[in-house]
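Under the working numbering, read the sequence shown as residues 1097 to 1293, first letter to last.
The structure appears below as structure tokens.
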Amino acid sequence: MRKRYVGSFNPDLQYYNFDTGEYKKLTTFEGKDLGPTIDKRGNLYFASVEFNNEYNLYKFENDNKVRLTDFNRSIKNPKVSADGNLVVFEKDYQIYKYDVESGETSLVDISLFTNNTLSLEQDYNTNGKVSAFDISPDNKKIAFVSRGELFVSDIEGKFVKHIETDPTERVLEINWLSDNETILLLKQQKVGLIYLQ
């Protein structure tokens, strides 16, 4: 249906109690009332265009329709928390919350955290780009640096493994220790140890 259509085919909110069989038509406005959401105490919140032809947040108080917001751009998908303290909704492609007690609306501050780990499979071209290397004391492994990244390989180069280090620092120099399992490395004026298992 068109956003600003007004007429008898618009949706109304209706109520039915499965236990008692009670039925009520809650709204009769010829514009759109939709998106009902109910908290655990039975308070009903929804969106309606009755105020200014844009969806705003409403609730019922004593069977009366009460407008809670007065936006000039529509809200979408209102959802009330189970305890009835907050109603969240989308507006202008952002998430807002309506505080039921204070009657204030505010933008929800959303922080997304990312994990900068490398994918399980990644191709590296180290041809001609090795800046440092060292062979293990048992002559079975080689460690080398390419573009600031640390790699370990068998001596014949059949198996090459990228060893993760701090992604904010380049590896500059490397040396195997006598246990054939530990690599001493210099990273941008810092010294560290890598234990291979």
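Yeah, the Cβ is synthetic: ideal placement off N, Cα and C, and Gly gets one too.
Values in this document were obtained by computation on a predicted structure and should not be read as measured data.
Euclidean distance between Cα positions of residue i and residue j
i	j	result
N1152	E1197	18 Å
D1159	K1120	10 Å
G1134	K1257	Here residue 1134 is Ile; the residue named in the question, Gly, does not match the sequence. Their backbone Cα atoms lie some 55 Å apart in a straight line.
V1248	F1240	6 Å
L1109	Y1154	12 Å
K1283	I1206	35 Å
D1166	E1200	11 Å
L1182	R1163	15 Å
E1265	T1278	19 Å
A1143	E1118	24 Å
N1173	P1263	41 Å
K1136	K1175	12 Å
S1274	N1235	11 Å
K1128	D1179	27 Å
N1148	R1169	9 Å
G1138	I1259	57 Å
Proximity winner among the options, relative to residue i (alpha-carbon distances)
i	options	result
E1146	E1186, P1107, H1258	P1107
E1252	E1269, S1232, N1271, N1113	S1232
F1255	D1262, E1269, L1246, K1237	K1237
F1330	I1191, S1242, K1161	With the chain running from 1097 to 1293 in the structure shown, residue 1330 is simply not present.
L1140	K1128, N1149, Y1111	Y1111
Y1189	V1204, A1178, D1179	V1204
S1177	E1150, L1208, P1132	P1132
Boundaries of the beta strand (DSSP E) in which residue i is found, first to last residue
i	result
F1229	1226-1231
K1121	1119-1121
F1142	1140-1144
G1131	1129-1134
Beta bridge counterpart(s) of residue i as assigned by DSSP
i	result
A1239	D1230, V1248
N1160	E1157
Y1112	Y1119
S1177	Per DSSP, none; premise fails for S1177.
E1269	L1282
V1196	Partner(s): none; V1196 has no beta bridge.
Cβ separation of residue i and residue j, assumed to be a contact under 8 Å, to the nearest whole Å
i	j	result
V1226	G1244	That pair is no contact at about 12 Å.
N1271	D1230	5 Å
E1157	I1171	Not confirmed; about 19 Å, so no contact.
T1261	L1280	Their Cβ separation, rounded to whole angstroms, is 13 Å, which puts T1261 and L1280 out of contact at 8 Å.
Below-8 Å beta-carbon distance, residue i vs any chain D residue
i	result
G1180	Absent from the structure: chain D. Only one protein chain is present.
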